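Notes follow once the structure below has been shown.
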Amino acid sequence: MTNHAHPSTEPNAPEAIAPKVIAIIGPTATGKTALAVEIARWLDTEVISADSQVLYRKLDIGTAKPTEEEKRGVAHHMIDVAEPDEPFSAVAYQEQANACLQTLWQANKIPMVAGGTGFYLKALLQADFIPDVPPNESFRATMAELAERQGADALYALLREKDPRRAEDLHPNDRVRIIRALEIIEATGQPVPRRSEGKGLDVLWFGLMYEDRDLLRSRIDRRIEIMMEQGWLAEVEALVHAYGPQAHALGVAHGYPELVEVVLGKRSLENALEQIRINIHQYARRQMTWFRRNPNVQWLPCDSLSGEQLRNLVKTRITGSSNSG
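Here this note's numbering is used: the first residue of the sequence shown is 6, the next is one more, and so on.
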């Protein structure tokens, strides 16, 4: 397969791009979408999201789903592909997002993958396969009962005992993924496969990060404030009304479980927002831990470089990679 792109006529655009995929990763609230859109416009290509939350329709505000204005005419894939009450597995992500890669390659475009869900990035760009273990409802019910009886910590302790490496990747409160990991272990008798690194893809990895962690924390806090100003609580209320408080997406997307409790009168808004801030700060730390395992990421400090400097740096490195390839 030829591997040429059709960059725009913008000055200094490269004539041919060697890497088959460009990935822009990093923790939440680092500006991945804006940078991905700029580079995608320059390369005349499209963006494949690697975000486990924007997959769900109608979860718009709290997932910071890019608006049409923010997309600036660039096609985005793997957004709004599942209903809020429909679980969406990493296997489904791997299959659908891989089909997007193939389509873009066939159109002689270099796919732009952008997002912060490490497991999805790995599934798409690094992993050979994800075990296709069908759901075992009775096992899930047993695990849910265990969690009700002994608390969520009991589930996490069980996973840590059976598969410490998978446990390290998950938040102790991420009941859905913890039960799924235990389900895979139950079915296969093995830890969740780490899978061999590398799919033979040529991926140019760019990571956005804050050198000043306090600045990232304040940016996350401000983003939560903006979401509330945009009507996040009303969005959650509408979703609870339409799909019920137990809808899958409302249990897994950051901040939604806490706001569901506010809607149901089980929690004060002030308490919920404090917990959301804590959870998202912790999530950003876990994202960085995950991403730092990848030695190929070229890290870019978004607190000391302007948007224009970031764009120019990425363009220069893409061009250099093309010339050396």
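Beta carbons are placed, not taken as given, at the ideal position from N, Cα and C, and that holds for glycine.
These numbers come from a predicted model, not from an experiment.
A straight-line Cα-Cα distance of about 15 Å links aspartate 56 and leucine 175. Around the beta carbon of glycine 236, fewer than 16 other beta carbons lie within 10 angstroms, which makes this residue exposed. Taking a cut-off of 8 Å for Cβ pairs, the segment 245-263 and the segment 57-73 touch, as three or more such pairs fall below it. Taken through DSSP and simplified to helix, strand or coil, leucine 213 comes out as strand. The way I'd put it, the segment 305-319 does touch the segment 213-229; three or more beta-carbon pairs between them come closer than 8 Å. Distance check between leucine 269 and each of Glu234, Thr193 and Ala243 places Ala243 closest, using alpha-carbon atoms only.
Of the residues Asp90, Arg46, Ala97 and Val118, the one whose Cα lies closest to the Cα of isoleucine 53 is Val118. Scanning Arg224, Leu264 and Val86 for the CA closest to the CA of glycine 67 turns up Leu264.
Distance from valine 79 to alanine 45 at the Cβ level is roughly 5 Å; contact confirmed, criterion being Cβ atoms closer than 8 Å.
In this structure, isoleucine 190 lies away from leucine 160, with their beta-carbon atoms at least 8 Å apart. Excluding five sequence positions before and after proline 262, the CB atoms of its chain that fall closer than 6 Å to its own CB belong to Gly256, given in chain order. Proximity of the segment 34-42 to the segment 295-304 falls short of the contact definition, fewer than three beta-carbon pairs being nearer than 8 Å. Taking C-beta separations shorter than 6 Å and ignoring five residues to either side along the sequence, the partners of threonine 35 in its chain run Leu213 and Cys307, following chain order. Judged by DSSP in its simplified three-state form, glutamine 287 adopts helix. In this structure, phenylalanine 93 lies away from alanine 102, with their beta-carbon atoms at least 8 Å apart. Note on lysine 127: 16 or more other CB atoms within 10 angstroms of its CB, so buried under the neighbour-count rule.
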